[in-house]
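First to last, the sequence lines map onto chains F and A. Note that the working numbering numbers the first sequence so that position 122 is 122, with each residue one more than the last. Numbers in the working numbering are just positions in the second sequence, counted from 1, shifted up by 1000. Note that CB positions come from ideal geometry on N, CA and C, so glycine has one too.
Protein chains: 2
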Amino acid sequence: MGHKPRKEMIAETRAKLVAAARHAFGSVGYAEASMDDFTASAGLTRGALYHHFGDKKGLLQAVIAEIDAEMLARLKIVSARADTLWQGFVDECTAYIEMALEPEIQRIVLRDGPAVLGDPSQWPSQNECIRSMSENLQKLRDEGTIVAVDPEAAARVVSGASLHAAQWIANSDDPEATSKKAVKAFNLLLEGLLKQGRRIGRPQAPAEMDKSPA
Amino acid sequence: MGHKPRKEMIAETRAKLVAAARHAFGSVGYAEASMDDFTASAGLTRGALYHHFGDKKGLLQAVIAEIDAEMLARLKIVSARADTLWQGFVDECTAYIEMALEPEIQRIVLRDGPAVLGDPSQWPSQNECIRSMSENLQKLRDEGTIVAVDPEAAARVVSGASLHAAQWIANSDDPEATSKKAVKAFNLLLEGLLKQGRRIGRPQAPAEMDKSPA
DNA sequence: AGTTTGACATACGCTCCGTATGTCATTATT
DNA sequence: AATAATGACATACGGAGCGTATGTCAAACT
């Protein structure tokens, strides 16, 4: 039985390192994660890490890139199966909030990432989720659903809002109740983007997710 | 010539440590700031630091509390001199964005703080700015200007939006242009909170800051 | 005056990171 | 096919930084 080809072994090593780091970063945080420890847990040493990723930051970048790609894929699925563009956009935002509730994403991508690598808007992965959101907003603008606004600008403030909503929910004593309040407030903000008259009347009671404008 | 009373000397020492740490954290970041270095720059040693603040995190907390207090004071001034509650709220948000552009605030409070101390919503200083914003929103709701929404929820998503707007602006190649786009998008979101009909008609051209509803 | 308290400095050990070097298998060369 | 060269890792070493344990000295107390 032949050994696996070289390329595969290398890819496997990289994958093992990324997986081990992802677990360590996600559970104890970047600063507390010992390189000796988590490389050992992958059956390797720091030698491999420095060889493949240059340094600890480089590995964090790789981990974030991986998570970011997964997030993007999930978001695409969500927005693709909506009936209208607006509904897809709203659904995508909601999904974004839900993803930001996951501890791994919150810790690695949303907290340690910016602290270690600087502002996400400068990342090479360019926060793919923002791009996706921008594209949707661009279409909504062309379609005439939302007012004239810079798509990227809107995408950034919206993602900021959803991100904080998620963090608030995640750290809340009663995530269920908090989630309802946060999502409602968030949806109100989103409606600020809609053109005059497209906004539907809202009952005072906790409303269902708004149906998209025809 | 008498030496200063004991209490004053101690307070002075604490202040010197906080000031030195604030400068170090703000310029090179929390992780890169050497305790030996910045305590020495204050004419002290780590002994004083551990005595007064327990550890490096404790000092970061003190620094953030100080900055937070300053931010709150500035925001109160801004909102106090507005003609209407809504205008005050909008002004306060704008001021929040502008403050978030300051490197020291951005780095210490918005990036390193959450990474080291966890989610700001759990901080003892409780993010005083959020509280202030919540109070304003509560009044706006009582007044009937905005729709029924949980004030804290709205405050959190709004601060998240403004924060990301600020980071985007701060790291932009052309802060002037980016600022215009970001603030416009942000103001649109804010209008989502207004009651039906209170929303003013918006021209397509980059609008001035909206005048408050009567 | 003697005792106690507490504000700070000094000293020590430990962990962790980055680099420099070594080793062995795979690939390229002739 | 034999040798050279590359590259994927492991090992070894040095340095920095942090936390703690201990020491010192002045101020407050009795």
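Checking the DSSP bridge columns, you'll see residue 1194 (chain A) partnered with A:1146. Rounded to whole angstroms, the separation of the alpha carbons of residue 63 (chain F) and residue 80 (chain F) is 26 Å.
Assignment of residue 14 (chain F) by DSSP, reduced to helix, strand and coil, places it in the helix class. Residue 31 (chain F) sits in coil when the DSSP states are folded into three classes, being neither helix nor strand. Within the same chain, Cβ atoms closer than 6 Å to the Cβ of residue 191 (chain F) are found at 199, the five residues on either side in sequence being excluded. For the pair residue 72 (chain F) and residue 132 (chain F), the CB atoms are nearer than the 8 Å cut-off.
Runs of the beta strand (DSSP E) spanning 3 or more residues and lying entirely within the segment 1051-1133 of chain A do not occur at all. In the displayed model, residue 44 (chain F) falls within coil according to three-state DSSP, outside both helix and strand. Between residue 89 (chain F) and chain A, the shortest Cβ-Cβ separation is not below 8 Å.
Remark: three or more beta-carbon pairs, one from each stretch, lie closer than 8 Å, so the segment 1098-1116 of chain A and the segment 1048-1066 of chain A are flagged as touching. Residue 1157 (chain A) is positioned such that its CB atom lies closer than 8 Å to that of residue 185 (chain F). In the pairwise beta carbon analysis, the segment 158-178 of chain F is classified as touching the segment 1163-1171 of chain A: at least three pairs are separated by under 8 Å.
Counted as a single uninterrupted DSSP element, the alpha helix (DSSP H) harbouring residue 156 (chain F) occupies residues 151-170. When C-beta distances to chain F are compared with 9 Å, the residues of the segment 1023-1044 of chain A below that value are 1029, 1030, 1031, in chain order.
Under the 10 Å beta carbon count, residue 178 (chain F) is surrounded by 16 or more other beta carbons and is classified as buried. A straight line joining the alpha-carbon of residue 127 (chain F) with that of residue 120 (chain F) spans about 7 Å. Contact between the segment 134-152 of chain F and the segment 95-105 of chain F is absent: fewer than three C-beta pairs spanning the two stretches fall below 8 Å. Closer than 8 Å to the CB of residue 1159 (chain A) there is at least one CB belonging to chain F. Excluding five sequence positions before and after residue 30 (chain F), the CB atoms of its chain that fall closer than 7 Å to its own CB belong to 60, 112, 116, given in chain order. About 4 Å separates the Cβ atoms of residue 134 (chain F) and residue 151 (chain F), confirming a contact at the 8 Å cut-off. Neighbours of residue 156 (chain F) in chain A, taken as residues whose beta carbon is under 8 Å from its own, are 1164, 1165, 1168, 1182, 1185 in chain order. Cβ neighbours of residue 50 (chain F) within its own chain (closer than 7 Å, five residues either side excluded): none. Residue burial is scored here from C-beta neighbours: residue 1045 (chain A) has fewer than 16 other C-beta atoms within 10 angstroms and is therefore classed as exposed. The beta carbon of residue 1115 (chain A) sits closer than 8 Å to some beta carbon of chain F. The C-alpha of residue 1183 (chain A) lies about 46 Å from the C-alpha of residue 48 (chain F). The three-state reading of DSSP puts residue 1199 (chain A) in coil, since its state is none of H, G, I, E or B.
Less than 8 Å separates the beta-carbon of residue 140 (chain F) from that of residue 85 (chain F).
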